[in-house]
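Asks: The structure under discussion is supplied below as structure tokens; questions concerning it will follow.
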Amino acid sequence: MNQYNTIGFHPGNSRIHQLNATVKLLFLLVVSISAMVTYDTRYLILISASSILLVKYAHIEWKQVRFVVKFILFFTILNIIAVYIFDPEYGVKIYNQRTELVNGIGRFTLTSQELFYLFNLILKYISTVPLALIFLFTTNPSHFAASLNQLGVNYKISYAVSLALRYIPDIQETYFNISQAQQARGYDNSKKAKFTSLLKVSNALCYL
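Structure follows, in structure tokens:
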């Protein structure tokens, strides 16, 4: 497996790579928390645009993050649907206004306030996910452990987190190699394979 396509630290010469790990961690925490607690759309749009630009500035290419972005996108869509199903009027409660756009069935009406709230929720993901990817791809796990320790986290915990991050690419590479071996033995685990076939292969991979 090409190491370039694994999720984890990738050495580079960008300014973001050269930044102190503690600075990057603090920036990630401050911006992420501020994005999560605010509903100021202007601020969220600014952070979202800045996060995407920083990904480009860190020389992170699409093929490096394609899988994880698609994975997060899938669960973001599920989350948006779940938020609407559980409380279709939550946006109305936040903005104290109600402009009905579609009169649905029962309590499932669609208001402009709910759409605006869901839009802000999407912006929150766009604001934070790229920053997390930047930190993951540009921070050496050893430096990350040191930054956690500087912030007062117990060294053993910091070291354990560092080891976990360090072995993420190794786990991916092992999984890919086993998957390739399964294909060589006649098991099809490509996107064109049937779901039952993929399930059997996945089960075999888990045991290996």
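According to this note's numbering, the sequence shown holds residues 60 to 267 in order. Even for Gly, the Cβ is constructed at its ideal location relative to N, Cα and C. Predicted model, so just to flag it, every value in this text is computed and none were measured.
#1: Only counting the same chain, and skipping five residues up and downstream in sequence, which positions put a Cβ closer than 7 Å to that of VAL161?
#2: To the nearest angstrom, report how far apart MET60 and HIS69 are at their CA atoms.
#3: Straight-line CA distance for PHE194 to ILE164?
#4: Apart from the five residues just before and just after SER107, which ones in its own chain have a Cβ nearer than 7 Å to its Cβ?
#5: Exposed or buried, what is GLU173 when buried is set at 16 or more other beta-carbons lying within 10 Å of its beta-carbon?
#6: How many Å lie between TYR226 and GLU159 at the Cα?
#7: For a quick check, are the C-beta atoms of SER110 and LEU190 less than 8 Å apart?
#8: Just the C-alpha distance for VAL5 and THR100, rounded to the nearest angstrom, thanks.
#9: Please confirm whether SER206 and THR81 have their CB atoms less than 8 Å apart.
#10: Only counting the same chain, and skipping five residues up and downstream in sequence, which positions put a Cβ closer than 7 Å to that of THR198?
#11: Per DSSP, GLU159 is paired with what?
Replies: Short version:
#1: Counting only Cβ-Cβ distances below 7 Å, and skipping sequence neighbours, we find THR168, LEU169.
#2: Its pLDDT being 47, under 50, MET60 is placed unreliably in this model, and the value from its coordinates should be taken loosely. Straight through space, the alpha carbons of HIS69 and MET60 are spaced by roughly 15 Å.
#3: Distance between the alpha carbons of PHE194 and ILE164 is about 44 Å.
#4: Excluding sequence neighbours, SER107 sits near LEU182, ILE185, SER186.
#5: Per the 10 Å Cβ criterion, buried.
#6: Roughly 51 Å separates the two Cα atoms.
#7: Taking 8 Å as the Cβ cut-off, SER110 and LEU190 qualify as a contacting pair.
#8: Within the shown structure, residues of the chain are numbered from 60 to 267, placing residue 5 beyond reach of any answer.
#9: A distance below 8 Å separates the beta carbons of SER206 and THR81.
#10: Its chain contains PHE68, ALA80, LYS83 as the residues whose beta carbon lies nearer than 7 Å to that of THR198, once the 5 sequence neighbours on both sides are disregarded; these appear in chain order.
#11: Per DSSP, the beta bridge partners of GLU159 are THR170.
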